[in-house]
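Heads up: the structure comes next, in C-alpha cells.
Numbering (the numbering used here), first residue to last: 3 to 163.
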C-alpha cells in the first residue's frame with residue numbers, strides 16, 4: 003500500500019517535470035504574441051490534434067495557448083463537454099483512471115500537473131502518452147482511494163488502426 007502511494011507520487015513528479023520541460027522547450031521556439039485568444043476552435047488550430055484517433059465520450063479536444071513569461075505555446079488537451087460539466091458534483095474529486103491497469107494520470111491545472119481537481123472546469127487532460135498506452139482512460143468523480151466506487155464522468159478510448 004505504501005509502495006503504491008510512493009510510486010504514484012513519483013509518477014506525478016516525473017510527469018510534472020516532463021510537462022515543465024516540454025513547455026520550457028516550446029517557449030524557446032514560440033514567438034511571443036500576446037494577442038492570441040485563450041482558446042482556438044479545434045478546426046482552426048491545424049491538423050496536429052493528438053486525440054483525433056480516440057473515441058471520446060463526455061470529452062472534447064481543445065486547443066489552448068499558455069503564455070509563461072510572455073511567450074505563448076499552443077497545446078492540445080481534453081476537457082469535459084458542456085453536458086458532462088453541468089452535472090451535479092458533490093463530496094468528491096475528479097481524477098483520471100485507467101480501469102484495465104488501475105493506474106492514475108493527471109490534469110493540467112494552469113501549468114501544474116495535479117492528480118485531482120475539485121471543479122469540472124479544471125478537468126484538462128494533456129498526458130497523451132498515458133492515454134495512448136491504455137485502451138481506455140476515464141475521468142471519474144469520487145474518492146481516488148476507492149476508484150471502483152467513483153462515478154465515471156467521461157472516457158477516451160484509443161481506437162486500434
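Think of the CB as a built atom: it goes at the ideal place given N, C-alpha and C, for glycine as much as any other residue. Treat the numbers as computed from the prediction; the structure is a model and nothing was measured.
The C-beta distance from residue 108 to residue 99 rounds to 11 Å, too long to fall under 8 Å, and the pair is not in contact. Three or more Cβ pairs closer than 8 Å define a contact, and the stretch 77-96 meets that threshold against the stretch 123-139.
Taking C-beta atoms as the reference points, residue 130 and residue 52 count as a pair closer than 8 Å. Its Cα nearest to that of residue 86, the residue 141 stands out among 141, 113, 118 and 114. Within the same chain, and ignoring the five residues on either side of residue 152 in sequence, the residues whose Cβ sits closer than 8 Å to its Cβ are 94, 97, 99, 142, 143, 144, 145 and 146. In the three-state reduction of the DSSP assignment, residue 123 falls in the helix class, which pools H, G and I.
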